[in-house]
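Chemist: Residue numbers (the UniProt record's numbering): 1 to 214.
For every residue, glycine included, the Cβ atom is placed at its ideal position computed from N, Cα and C.
One structure, as structure tokens, below. Some questions next.
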Amino acid sequence: MFGRNNSEPLWKIFRKHPITRGMASYLVIWPTANIIQQTLCEKDFDWWKVVRFGLYGCFITAPSLYCWVKLATFMYPNNQLRLCMAKALIEQISYTPLAMCTFFYSMTWLETFSAAEAFQEVKVKFPPTYFTAITIWPLIGTINFAFVPERNRVLFTSCFSLLWTIYLGIIQGAMVDDDSPYINAGSITILQKIIFIKIALSRIIANIDCNNID
Numbered sequence: 001m002f003g004r005n006n007s008e009p010l011w012k013i014f015r016k017h018p019i020t021r022g023m024a025s026y027l028v029i030w031p032t033a034n035i036i037q038q039t040l041c042e043k044d045f046d047w048w049k050v051v052r053f054g055l056y057g058c059f060i061t062a063p064s065l066y067c068w069v070k071l072a073t074f075m076y077p078n079n080q081l082r083l084c085m086a087k088a089l090i091e092q093i094s095y096t097p098l099a100m101c102t103f104f105y106s107m108t109w110l111e112t113f114s115a116a117e118a119f120q121e122v123k124v125k126f127p128p129t130y131f132t133a134i135t136i137w138p139l140i141g142t143i144n145f146a147f148v149p150e151r152n153r154v155l156f157t158s159c160f161s162l163l164w165t166i167y168l169g170i171i172q173g174a175m176v177d178d179d180s181p182y183i184n185a186g187s188i189t190i191l192q193k194i195i196f197i198k199i200a201l202s203r204i205i206a207n208i209d210c211n212n213i214d
């Protein structure tokens with residue numbers, strides 16, 4: 001009953017169920033990004049935060065992104081560049097805001113168990129994060145929808161997720177001034193470097209012939 005024939009190689013599982021590839025990659029990328037973020041920015045290391053990032057990336061981000069990719073492909077199956085740009089833009093006004101609000105609310109609530117604090121995190125940190133996202137992710141999304149096979153799209157996105165998750169970790173861990181509704185700029189000065197790296201990587205990828213991606 002539990003013989004060797006009942007076991008299935010991991011690569012076959014990944015190929016048969018593409019969502020598992022995304023979940024596996026985010027289970028590695030998100031905690032790794034948080035370890036980097038805490039090493040760069042935090043005085044006291046919090047391993048429970050690393051665990052929270054790993055679980056959130058694996059069980060929330062990857063499945064939701066997979067569902068969005070499937071839905072977008074179903075609505076617009078054609079891979080013409082114009083339609084792919086439209087899908088990427090639609091993502092920024094539909095999936096992205098919901099995903100960001102869910103991230104800030106959930107991660108704060110898991111840390112503080114306070115709905116009021118979680119809501120305040122969303123109110124303060126969502127706008128600057130969203131405006132950063134819309135300068136970066138439409139390009140990546142267009143490439144993803146135009147050139148990458150559907151089964152590899154979540155995996156492709158996860159390749160860019162490392163730097164983005166470092167950015168999210170810094171924003172999520174940034175302090176909020178008591179007398180101001182804005183994030184304390186002094187606690188996130190490293191963001192500019194990360195954003196410049198992110199944009200540079202995006203431009204490099206834009207010049208690669210992604211038709212060879214399998």
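Should the segment 37 to 44 be regarded as contacting the segment 12 to 27, the criterion being three or more beta carbon pairs within less than 8 angstroms?
Modeler: Touching, no.
Chemist: Are the CB atoms of Ala88 and Gly141 nearer to each other than 8 angstroms?
Modeler: In the sequence shown, the residue the question calls residue 88 occupies position 88. In the sequence shown, the residue the question calls residue 141 occupies position 141. Their beta carbons are under 8 angstroms apart, which means Ala88 touches Gly141 by this criterion.
Chemist: Within a Cβ cutoff of 6 angstroms, which residues of the same chain sit near Arg21, ignoring the five residues on either side of it in sequence?
Modeler: Indexing the sequence shown from 1 puts residue 21 at position 21. If we look at Arg21 and ignore the five residues flanking it on each side, its Cβ neighbours are Phe14 and Leu155.
Chemist: Of the residues Glu121, Thr129 and Trp30, which one's Cα is nearest the Cα of Trp109?
Modeler: For the purposes of this step, residue 109 is identified with residue 109 of the sequence shown, where counting begins at 1. Checked all of Glu121, Thr129 and Trp30; the closest Cα to Trp109 is Glu121.
Chemist: Under DSSP, the alpha helix (DSSP H) around residue 218 begins and ends at which residues?
Modeler: Look at the range of the chain in this structure, 1 to 214, and you will see that residue 218 is not part of it.
Chemist: Scan the segment 95 to 149 and note each continuous alpha helix (DSSP H) run of 4 residues or more that stays entirely inside, going in chain order.
Modeler: Runs found: 95 to 112, 115 to 133 and 137 to 147.
Chemist: For Thr96, which residues in the same chain have their Cβ closer than 8 angstroms to its Cβ, ignoring the five residues on either side in sequence?
Modeler: By 1-based counting over the sequence shown, the position of residue 96 is 96. Taken in chain order, the residues that qualify are Tyr130, Ala133, Ile134 and Trp137.
Chemist: Helix, strand or coil: which one does DSSP assign to Ala88?
Modeler: The residue labelled residue 88 in the question sits at position 88 within the sequence shown. If DSSP states are grouped into helix, strand and coil, Ala88 belongs with the helices.
Chemist: For Cys58 versus Met107, is the C-beta spacing smaller than 8 angstroms?
Modeler: In the sequence shown, residue 58 corresponds to position 58, counting from 1. In the sequence shown, residue 107 corresponds to position 107, counting from 1. Taking 8 angstroms as the Cβ cut-off, Cys58 and Met107 do not qualify as a contacting pair.
Chemist: Does the beta-carbon of Glu8 have 16 or more other beta-carbons within 10 angstroms, so that it is buried, or is it exposed?
Modeler: Translated into the one-based positions of the sequence shown, residue 8 becomes position 8. Flag for Glu8 reads exposed.
Chemist: Note the first and the last residue of the continuous alpha helix (DSSP H) segment covering Gly57.
Modeler: Counting from 1 along the sequence shown, the entry for residue 57 is found at position 57. Taken as a continuous stretch (DSSP letters only), Gly57 belongs to no alpha helix (DSSP H), as it is neither H nor E.
Chemist: What's the gap between the Cα of Cys41 and the Cα of Phe147?
Modeler: Working through the sequence shown from its first residue, we reach residue 41 at position 41. Working through the sequence shown from its first residue, we reach residue 147 at position 147. Using only the alpha carbons, I get a separation of about 36 angstroms.
Chemist: Are there 16 or more other CB atoms within 10 angstroms of the CB of Asn78, so buried, or fewer, so exposed?
Modeler: Within the sequence shown, residue 78 is the residue found at index 78, counting from 1. Asn78 comes out exposed.
Chemist: Cα-Cα, which of Lys123, Ala33, Ser94 and Val50 is closest to Val69?
Modeler: Within the sequence shown, numbered from 1, the residue matching residue 69 stands at position 69. Checked all of Lys123, Ala33, Ser94 and Val50; the closest Cα to Val69 is Ser94.
Chemist: Ordered along the chain, which non-local residues of its own chain (more than five positions away) have a Cβ less than 7 angstroms from that of Ser25?
Modeler: For the purposes of this step, residue 25 is taken as the residue at position 25 of the sequence shown. These residues qualify, in order along the chain: Leu155 and Ser158.
Chemist: Once DSSP output is grouped into helix, strand and coil, what is the label at Gln80?
Modeler: By one-based count along the sequence shown, residue 80 stands at place 80. If DSSP states are grouped into helix, strand and coil, Gln80 belongs with coil.
Chemist: Which residues bound the alpha helix (DSSP H) around Ala174?
Modeler: Numbered from 1 along the sequence shown, position 174 holds the residue referred to as residue 174. No alpha helix (DSSP H) contains Ala174, which DSSP labels as neither H nor E.
Chemist: Take Tyr76 and list the residues in its own chain whose beta-carbon comes closer than 6 angstroms to its own, dropping the five residues that flank it on each side.
Modeler: Here residue 76 corresponds to residue number 76 of the sequence shown, with the count starting at 1. Around Tyr76: Leu83 and Lys87.
Chemist: On the three-state DSSP scale, how would you describe Asn63?
Modeler: Along the sequence shown, one-based indexing puts residue 63 at 63. The sequence shown places Pro at residue 63, not Asn. Helix.
Chemist: I believe Arg153 touches Asn144 by the beta-carbon criterion, under 8 angstroms. Please report the beta-carbon distance rounded to the nearest angstrom.
Modeler: For the purposes of this step, residue 153 is identified with residue 153 of the sequence shown, where counting begins at 1. For the purposes of this step, residue 144 is identified with residue 144 of the sequence shown, where counting begins at 1. Confirmed, Cβ separation roughly 5 angstroms.
Chemist: In angstroms, rounded to a whole number, what distance separates the CA positions of Phe104 and Leu65?
Modeler: Position 104 of the sequence shown holds residue 104. Position 65 of the sequence shown holds residue 65. Roughly 17 angstroms separates the two Cα atoms.
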